[in-house]
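In what follows, a single structure is set out as structure tokens and then discussed.
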Ligand code: IOT
Ligand code: MG
């Protein structure tokens, strides 16, 4: 039976730590046993990789002195061999040609160089420490490098992790080559396009449909679940899966405070989906905060509100499954900016596209600690490129947001779904309002709620990432009390 048929088709490596140093504090959040794989070794030099994932096989390819460790997947082969072949031909420039959802480490024993690379959007976060004496350590999770804090030198193409001096996150769309002490060269492999094209509207919709279909086709497998809100983004994904594979499994989550069961059921019925509704309490959604911050290693309070319900929902999906989301469509299409019709949509999109890097909202860690592999077709390289470069007039059109996407999928969905106004997951699950209420009940003034959420997120980050504390050890009530008590008193 093939892996796909058993449903266990998640990529072999879903987290890694690679090091020339002998340390045993691996601390990767991904589920299952850690495997140690030798990437290179001689009398003076070694690179061992510790790989975690739901498959015991690490995704490593070798050829002569070249070794590639791939965390994630690339289209067609899905494996590291394609990366190795391309790297052998093109060197680090290979990464400009590769699309996919991955972080990669390439070791060349011949010249003792290490090349690390992120995908176009950095959807699999990657961190590096290059010590002053020439040691190299790389990890998908910054917390696995905490012991090296203070020992890393500045590196091009990277950004220092807050609170973790010397531990540097590789930027999105970047390939960084490290050799001996002092030798580091960064190359950009993807940049956010700045130009816009005014395509004839129906042709634009056709093009959007075609790129989304292609992305779903390479990412979809049997044993896959689409997380469905009944909004246009996830409904278009579910409809594409259904039309390509003949069936689709969908799941929708609601809380005691709010749900989108009706709109999701409408789509599920239309598509003949195997549909599940998950009901939970909004308190259990907020309780995910320590684990969400530990997994994304980002303290952005808005992104936390989007990811809390997803993290809670992922707990209900069987390990080994792939999860496909509609996450991210709002960023290149400006879908989050409903109430800001006075501002130029184009400006808002430029702002969002210049600030996603490091938010880690697409990180696979959110699912991989449960043995899941997540994919987000709207942030596939070709889809993102097409969506970003369409003129804003194709995005907000005839008084409708995300017009071009709605138009692209209107024949596959109920009219009500095509016309449904945007409702964010943080709103549809009641997460934002519940968290706000918790703070208001503790005496936080309405004007301070957003800033207090930011301080709480940062305090959680300091404990579970910087101090390496287990997320389960964080008592969110206590932490909230401490943060609220420390707030400046207002007249
Ligand atoms: P939203 O677009 O509502 O949700 C993201 C995805 O989560 C959906 O496409 C769907 O796959 C899943 N989902 C949402 N609600 C449910 C539900 N009730 N049950 C099951 N699955 C659900 C925030 C947002 O509005 O989420 N994300 C935005 C923008 C992020 C902003 N980031 C940034 N500027 N860098 C987005 O583009 O998705
Ligand atoms: Mg959406």
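Numbering (our numbering), first residue to last: 327 to 817. Idealized CB from N, CA, C, for every residue including glycine.
* To do: State yes or no: is the C-beta of residue 641 within less than 8 Å of the C-beta of residue 611?
  => no
* May I ask whether a heavy atom of the ligand IOT can be found less than 7 Å away from the beta carbon of residue 629? => yes
* Of all the options 553, 551, 494 and 566, which has the alpha carbon lying nearest to the alpha carbon of residue 536? -> 566
* Cα-Cα separation between residue 817 and residue 664, rounded to whole angstroms -> Only weak support exists for where residue 817 lies, its pLDDT of 46 falling under 50; the value from the coordinates is given anyway. Taking the straight line joining both Cα atoms gives about 34 Å.
* Is it the case that the CB of residue 687 approaches a heavy atom of the ligand IOT more closely than 7 Å? -> yes
* At least 3 beta-carbon pairs within less than 8 Å: the region 743 to 756 vs the region 691 to 707 -> no
* **The alpha helix (DSSP H) enclosing residue 503, as first and last residue numbers** => Unbroken run through residue 503 is the beta strand (DSSP E), 500 to 504; no alpha helix (DSSP H).
* Do residue 562 and the ligand IOT come close, with the Cβ less than 7 Å from some heavy atom? -> no
* **residue 582 versus 530, 635, 534 and 576, residue with shortest Cα-Cα distance** => 635
* **Limits of the unbroken beta strand (DSSP E) element including residue 710** => Unbroken run through residue 710 is the alpha helix (DSSP H), 707 to 715; no beta strand (DSSP E).
* Excluding sequence positions up to five away, which residues of its chain have a Cβ less than 8 Å from the Cβ of residue 519? -> 711, 714 and 715
* Taking all protein chains shown into account, decide if residue 854 is buried (16 or more other Cβ within 10 angstroms of its Cβ) or exposed. => The structure shown does not extend to residue 854, since the chain spans only 327 to 817, so no value can be given for it.
* Asked: Where do the ends of the beta strand (DSSP E) carrying residue 484 lie?
  -> 484 to 487
* Asked: What residues match up with residue 345 in a beta bridge as DSSP calls it?
  -> 374 and 463
* Tell me, please, whether the region 428 to 448 touches the region 388 to 395 by the rule of three or more beta-carbon pairs shorter than 8 Å. => yes
* **Inter-residue CB distance, residue 586 and residue 761 (contact presumed, cutoff 8 Å)** => Actually they do not touch by this definition, with Cβ atoms about 18 Å apart.
* Asked: When the Cα atoms are used, what is the spatial distance from residue 742 to residue 687?
  -> 29 Å
* To do: Taking the CB atoms as reference points, tell me whether residue 335 and residue 549 lie closer together than 8 Å.
  => yes
* Asked: Is it right to say residue 677 is buried, meaning 16 or more other beta carbons lie within 10 angstroms of its own, or is it exposed?
  -> exposed
* To do: With a threshold of 16 other CB atoms inside 10 Å of the CB of residue 495, please say whether the residue is buried or exposed.
  => buried
* Which residue from 606, 465 and 338 puts its Cα closest to that of residue 456? -> 465
* Can you give me the Cβ contacts of residue 551 inside the same chain, cut-off strictly under 8 Å, excluding the 5 residues immediately before and after it? => 575, 576, 577, 643, 647, 648, 649 and 650
* Unbroken beta strand (DSSP E) runs of length 3 or more, entirely within the region 610 to 698: which are they? -> 648 to 650
* When you compare each of 472, 499 and 416 to residue 490 by their alpha carbons, which one comes out closest? -> 472
* Asked: According to the Cβ coordinates, are residue 619 and residue 786 closer than 8 Å?
  -> yes
* Exposed or buried, residue 767, counting other C-beta atoms within 10 Å across all chains shown (16 or more means buried)? -> exposed
* Cα-Cα separation, residue 384 to residue 803 -> 39 Å
* Asked: If you count every other CB in all the chains shown that lies within 10 Å of the CB of residue 733, and 16 or more means buried, which is it?
  -> buried
* Asked: Taking buried to mean at least 16 other C-beta atoms within 10 Å of its own C-beta, is residue 402 buried or exposed?
  -> exposed
* Asked: Taking the alpha carbon of residue 805 as the point to measure from, which residue in 792, 779 and 409 has its own alpha carbon closest?
  -> 779
* What do you get for residue 364, buried or exposed, if any count of 16 or more other CB atoms within 10 angstroms of its CB means buried? -> exposed
* **Closest Cα partner of residue 362 within the set 371, 555, 395 and 368** => 395
* Asked: Regarding residue 614 and the ligand IOT, is the C-beta to nearest heavy atom distance less than 7 Å?
  -> no
* Could you spell out the range, first to last residue, of the beta strand (DSSP E) harbouring residue 735? => No beta strand (DSSP E) holds residue 735; DSSP gives it neither H nor E.
* Are the C-beta atoms of residue 401 and some chain C residue less than 8 Å apart? -> No chain C appears in this structure, which consists of one protein chain only.
* Helix, strand or coil at residue 545 [DSSP, three-state] -> helix
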